[in-house]
Every structure is written in C-alpha cells, then in structure tokens.
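> Pasting a structure here, questions to come.
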Amino acid sequence: MDHERTTFIPAELSGEPLARFLERLNNIEETRTTMQDGNQCSNAPSEVIRLIEKSSFTPTQVACVRYLTGHWQVSVPGEDVYTTVTGAKPFGEWRNYVSKLVCGVRKAIPRDLSLYIIQGSGRYLFDWRREVSSWFVPSDRAEVLGNMPPDTIPLMSYCNQVEVKDSQTIIPRLTPTELAIVGELGGAYPGLVNRDRLIRTIWNHEQDDINLRDCLWVHISRLEGKIASFPGGAFDIVNTQNVGYALSRVS
0 MDHERTTFIP AELSGEPLAR FLERLNNIEE TRTTMQDGNQ CSNAPSEVIR
50 LIEKSSFTPT QVACVRYLTG HWQVSVPGED VYTTVTGAKP FGEWRNYVSK
100 LVCGVRKAIP RDLSLYIIQG SGRYLFDWRR EVSSWFVPSD RAEVLGNMPP
150 DTIPLMSYCN QVEVKDSQTI IPRLTPTELA IVGELGGAYP GLVNRDRLIR
200 TIWNHEQDDI NLRDCLWVHI SRLEGKIASF PGGAFDIVNT QNVGYALSRV
250 S
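Quick note, the sequence shown lines up with residues 0 to 250 if you use numbering that gives the first Met the number 0.
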C-alpha cells in the first residue's frame, strides 16, 4: 500500500470494525484502479468485485471516510469535507453535494459507527454510535476546556455538550454564537471582556455598530437563560458600566 493510500487509524480502533472496514475500502479502490487499467483482477476477492460492479463505494466516498477517520471524534466543517474530496473551494450547491455524499457514506459504514451532523453548525462528527438522548463533549471541544480557568471548567463543559438526537444528528446545547461568547467570557474569567472584542470575535467587525451591540445583547440574554440551568453552581453574565461583559459566580 503506497503512502497516498495510507489511512490514519486511531490507536483505540486497531482491530475494531472500522479498521477492517477501511482495509476493505483500500482493497476496493485498488481493485477498481486495476480494473480501469484493463487488467483481469484474478486475485481480487469476489466480494470486492461485486461491490465495485454494484458501485457500492465511490472514490469520493472512500476519500470522505479516510478524511473523517483522520479526524476521529473531532467535528469538522462541511466545507473542509467538500474541499478534501473534490480538491476545489466550496461554491454553488456544495452543501447539497456534501449532504448527499454523507448519506452515501452512512449506508456503507458499520452499524456501530455514526456519521453525525451537528445541527445548526454545518459540522460533521465521525464517532461511535451513541445512545439516543445521551450527552457528551466532542473531543475537539474537550481539548479547548483544558485552557480555561479551573473554576469555569465545569460550566464550560456543560456549555460544550451535545445531545444525541438519533443515529445521524446531534444537537449542541448552545448555538455557535453563544458558544463563542461564553468561550471568550470563560477564558477571561473573572475579568471583563470588552464589548468591541466580543463583536470582533463573533462577526469580525472592527467598527462600532449600534445594531451589532443590540444583537450582542440579544445573544447574551439568551445565553444567560441557558447557563441559569447549569446544575454545578450559579453563574451570571454581568454588564459592567456598559463597556463590556464578565462571567461571574452568583454567591
């Protein structure tokens, strides 16, 4: 197997169904290439030949699985999936393209695995199939928590949780905008975060804009309502002299 065909397999998956599945994908792709070159493939497993003849796996599906396996349990943007499998920048109906590609991959992967879409974010997560209605923190978000002030980690873990809706969809507790806000406030805890800094972080907007200030206030109000249900202790978001916001523990 040459370097281009090598697929990263996380250590915890060695010998598991995913590893065997990826090996089969490699066999399928190699056999397809040989067939296209006009050779007989006399040594190819009959199962592989049948899968190719029925177009069970396409080259783009194979590329998609390899990319997602390299980001095992890490959420990835849909546009990165598109760029990886096509080699082009996203344009036109690229979201529909990725959605159809993901549907095909879901039909091919073993039943104990799931390719989730994170609702409202356009991101995908390749993971073990988890129990419906269970909550967890994706690995990439868990890594971010390690950089937070210790007092805020339980709250930040709560905010970064996602809920398994079904075998294809997970729902984040917070919206991407709310997550960006609480991430800034949690990282600066117990200090103040300037309002303009929050606006730049969320909307990449340098100039003061009263509409964005109002929009920020709306998002923070909704965020306050969500963190009020945090079971590990009460936190509040304080508006300090109309200059910025700070995360504060309620005594």
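C-beta atoms are modelled at their ideal positions from N, C-alpha and C, and glycine is treated no differently. Computed from a predicted structure; not experimentally measured.
Just the Cα atoms here: how many angstroms apart are V64 and D235?
C-alpha separation (whole angstroms): 42 Å.
> Residue range of the alpha helix (DSSP H) that N210 falls in?
First-last of the alpha helix (DSSP H) with N210: I209 to I226.
> In terms of DSSP beta bridges, what is Y244 paired with?
According to DSSP, which records beta bridges pairwise, Y244 is partnered with V192 and N238.
> Grab me the residues of A245's own chain with a C-beta within less than 8 Å of its C-beta, minus the 5 sequence neighbours each way, in chain order.
L184, A187, Y188, P189, G190, L191, V192, I236, V237 and T239, listed in sequence order.
> Please report how far the alpha carbon of E130 lies from the alpha carbon of V163, in whole angstroms.
C-alpha separation (whole angstroms): 7 Å.
> What residues are listed by DSSP as bridge partners for V249?
DSSP, once it has assigned bridges, lists no residue as partnering V249.
> Counting only the same chain and skipping the five closest in sequence on each side, list residues whose C-beta sits under 7 Å from that of D165.
Here the set comprises V131.
> Can you give me the C-alpha to C-alpha distance between T68 and P89, rounded to a whole angstrom?
Computed Cα separation, rounded: 21 Å.
> Rounded to a whole number of angstroms, what is the C-alpha to C-alpha distance between G91 and P149?
Roughly 44 Å between the two C-alpha positions.
> If you draw a straight line from the alpha carbon of A233 to that of I169, how long is it in whole angstroms?
Between A233 and I169, the C-alpha separation is close to 26 Å.
> List in chain order: all unbroken alpha helix (DSSP H) runs of 4+ residues lying wholly within the region 56–143.
You should have 58–69, 77–85 and 93–107.
> Checking 7 Å against the spacing of the C-beta atoms, do G231 and P171 come in under that value?
Contact: no.
> L211 and H218 - do their beta-carbons sit closer together than 7 Å?
For H218 and L211, no; Cβs fall outside 7 Å.
> Whose C-alpha, out of R110, V80, V136 and S120, is nearest the C-alpha of V101?
Minimum Cα distance to V101 is reached at V80.
> Measuring straight from C-alpha to C-alpha, what distance separates T82 and V249?
Rounded to the nearest angstrom, the two C-alpha atoms are 46 Å apart.
> Using the C-alpha atoms, what's the distance from S228 back to M155?
Roughly 13 Å between the two C-alpha positions.
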